[in-house]
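A short write-up of the structure that comes next.
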Amino acid sequence: MDVSTRSSTPAHVADYPVVRLLGEGNNGRYYLARPPARLGLADEFVTVKVFTGTHSEQAYERGVRELRAFAQVSSPYLVRVYDAVLEDSFLYAMEWCPLGSLAAPARPLARPEVLRAVADAGLALHALHEAGLTHGDVTPANVLVTETGGKLSDLGLSRVLAPGVTMTGMAGAASVEYVDPAILQGQRPSRASEVFALGATLHRALTGVGLYGELPANEPLLAIRRVLAAEPVLGPGMTADEAAVVQACLAPLGQRLGTTAEVSEMLRRLAG
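For the sequence shown, the numbering used here begins at 20 and goes up steadily by one.
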């Protein structure tokens, strides 16, 4: 999520006292907030995501069902989800990780920290897949950094809150580079598509550049056309072993790594 200023930060979102604006990502804003007493949490802070636009009661119910399914998956590598509220827009509260994300870390990260964070995100994805779920929005902004590795956050609820909206209507230009081209062509998210997304996330985190160069900001349709017309190109700055992992994630179906757990195993070996 992109770091933003405090100028437009509300005092509260629902009954959550807001401390500061953490940033903006696809389809919403993220706030650091204090949990209300009704939750009975020991956490001093939580992250609250407020989705853009207004949502109906039916959309809220769909979102809550998806969040409940997400929260019921047992994995130490998934952020904990605490609450969901409909107040004009849909918002939900989740665990706060003070070290930030791979997209906006709170401090410079050593290379093994990046590898461990992506490896842990891969294990989180595998747990979701084993439960019959997909995440739908794997990007560096959604891989949070912890002292021991990482956690996967921010389930991609856009497809749930607005069913029938196409990928071209949902994907911001910033996230298109992480989307398997098969998804852009109309296929449904799958284990294979999230292996691709994990590889693209690893590539960006290690190299600082995208697989398709820098895609046009705020122009998702143009970004999608560029991705569909080009082949991904690995940037400089990776070791041969790191590049091999990325290539194995991006390979054509049938040649691609079969699970995100396999990706995690390779990265843990590299992290040492």
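All residues carry an ideal CB built from backbone N, CA and C; glycine is no exception.
Please report the Cβ distance between F64 and R53, rounded to the nearest whole angstrom; I am assuming they are in contact, meaning their Cβ atoms lie under 8 Å.
6 Å
Cβ-based neighbour list, G291, same chain, cut-off 8 Å, excluding 5 preceding and 5 following
P131
For S120, the three-state DSSP class (helix, strand or coil):
strand
Going by alpha carbons, who is nearest to M257 out of L221, L276, W115?
L221
Pick from L41, A33, Y35: whose alpha carbon is nearest that of S27?
L41
Residues in the same chain with beta-carbon distance under 6 Å from V69, minus the five sequence neighbours each way, listed in chain order, please.
V32, G47, R48, S108, L110
Other residues of its chain near N161: CB distance less than 6 Å, five sequence neighbours each side excluded:
S172, D173
Using the C-alpha atoms, what's the distance from V104 back to L60?
17 Å
Reference L240, options A280, L203, E85, closest by Cα
Minimum Cα distance to L240 is reached at L203.
Is DSSP giving Y79 helix, strand or coil here?
helix
Ignore the nearest five residues each way along the sequence and tell me which others in D139's own chain have a CB closer than 6 Å to its CB.
Y96, G168, G169
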